[in-house]
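Participant: Protein chains in written order, with our numbering: chain A, 32 to 142; chain B, 4 to 116.
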């Protein structure tokens with residue numbers, strides 16, 4: 032079993048819908064990252080969290096350290112949000128910031 | 004532009020060849036990484052390196068070797084390429100201890116034929 036599990040694996044939404052992507056992990060972590068990979072392949076770092084909640088535009092990321100769970104929310108989704116969203120954790124005490132990745136959630140937002 | 008830049012973007016080569024992928028960052032970051040994304044889009048760490056230490060993922064074959072001429076560069080050398088090496092390779096960098104994330108290169112799609 033992967034140390035980082037994401038759900039759902041695939042998600043199709045209509046434009047304007049509120050979207051939630053979940054990430055659970057089984058190791059102690061010092062930080063959790065949400066990444067976005069566009070169809071063209073490039074990877075962008077969206078958030079780095081160690082506690083609480085962060086917001087950037089229509090994106091909100093939350094983390095519950097006790098429950099080892101994080102969520103990424105997208106409000107008022109738009110077709111340009113279509114991408115693969117990847118959760119990655121930095122294991123506590125892990126060497127040199129090596130990330131452990133989830134398998135990604137493929138989001139498709141239809142107009 | 005401030006960025007992590009990788010070259011080449013695409014690389015097609017025959018089995019048995021030796022090839023290199025270059026990575027440069029001008030962000031002043033102190034740590035650089037190589038990640039491999041397989042055909043199922045799963046990312047895995049290969050190496051991390053700062054000016055003090057090289058950490059190698061033990062699952063990486065020793066045909067792969069990182070070379071860092073200076074803090075801004077971490078190149079990936081691959082000897083005796085195999086079909087299973089076909090993947091997308093991403094370089095990334097960050098500043099250790101900074102409260103923000105990683106900056107990724109745009110990836111190099113390696114195809115071994």
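Ideal Cβ placement from N, Cα and C applies to all residues, glycine included.
Looking only at its chain, what residues have a beta carbon closer than 7 Å to the beta carbon of residue 76 of chain A, apart from the 5 residues adjacent to it on each side?
Facilitator: For this step, residue 76 of chain A is matched to residue 45 along the first chain. Counting only Cβ-Cβ distances below 7 Å, and skipping sequence neighbours, we find 64, 66.
Participant: Taking the Cβ atom as the reference point for each residue, do residue 139 of chain A and residue 46 of chain A lie within a distance shorter than 8 Å?
Facilitator: Counted from its first residue, the first chain places residue 139 of chain A at position 108. Counted from its first residue, the first chain places residue 46 of chain A at position 15. No.
Participant: Consult DSSP for residue 86 of chain B and reduce its assignment to one of helix, strand or coil.
Facilitator: Stepping through the second chain from its first residue, residue 86 of chain B is reached at position 83. Residue 86 of chain B falls in the helix class under three-state DSSP.
Participant: Can you tell me whether residue 83 of chain B is buried or exposed? The criterion is at least 16 other CB atoms within 10 Å of its CB, across all chains shown.
Facilitator: Position 80 of the second chain, counted from the start, is the residue given in the question as residue 83 of chain B. That one is exposed.
Participant: What does residue 103 of chain A pair with, by DSSP beta-bridge criteria?
Facilitator: Taking the first residue of the first chain as 1, we reach residue 103 of chain A at position 72. Looking at the DSSP assignment, residue 103 of chain A forms a beta bridge with A:52, A:92.
Participant: For the beta strand (DSSP E) that residue 140 of chain A lies in, which residues bound it at each end?
Facilitator: As a first step, residue 140 of chain A must be located in the first chain, where it is residue number 109. Element bounds for residue 140 of chain A: 136-141.
Participant: Name, in chain order, the residues that DSSP records as bridge partners for residue 130 of chain A.
Facilitator: Your numbering for residue 130 of chain A matches position 99 in the first chain. Beta-bridge pairing links residue 130 of chain A to A:121.
Participant: Thinking C-beta only, is residue 16 of chain B closer than 8 Å to residue 115 of chain B?
Facilitator: Here residue 115 of chain B refers to the residue found at position 112 of the second chain. Here residue 16 of chain B refers to the residue found at position 13 of the second chain. Yes; because the gap between Cβ atoms is below 8 Å, this pair is in contact.
Participant: Buried or exposed: where does residue 69 of chain A fall if 16 or more other Cβ atoms within 10 Å of its Cβ makes it buried?
Facilitator: The count along the first chain starts at 1 and reaches residue 69 of chain A at position 38. Exposed is the call here.
Participant: Taking residue 116 of chain A as the reference, give the member of A:60, A:72, A:34 with the closest Cα.
Facilitator: Locating residue 116 of chain A in the first chain gives position 85, counting from the first residue. If we check each option's Cα against that of residue 116 of chain A, A:72 comes out closest.
Participant: Between residue 85 of chain B and residue 18 of chain B, which are expected to be in contact by the criterion C-beta below 8 Å, what is the C-beta distance as a whole number of angstroms?
Facilitator: Here the question's residue 85 of chain B lines up with position 82 in the second chain. Here the question's residue 18 of chain B lines up with position 15 in the second chain. Right, their Cβ atoms sit about 6 Å apart.
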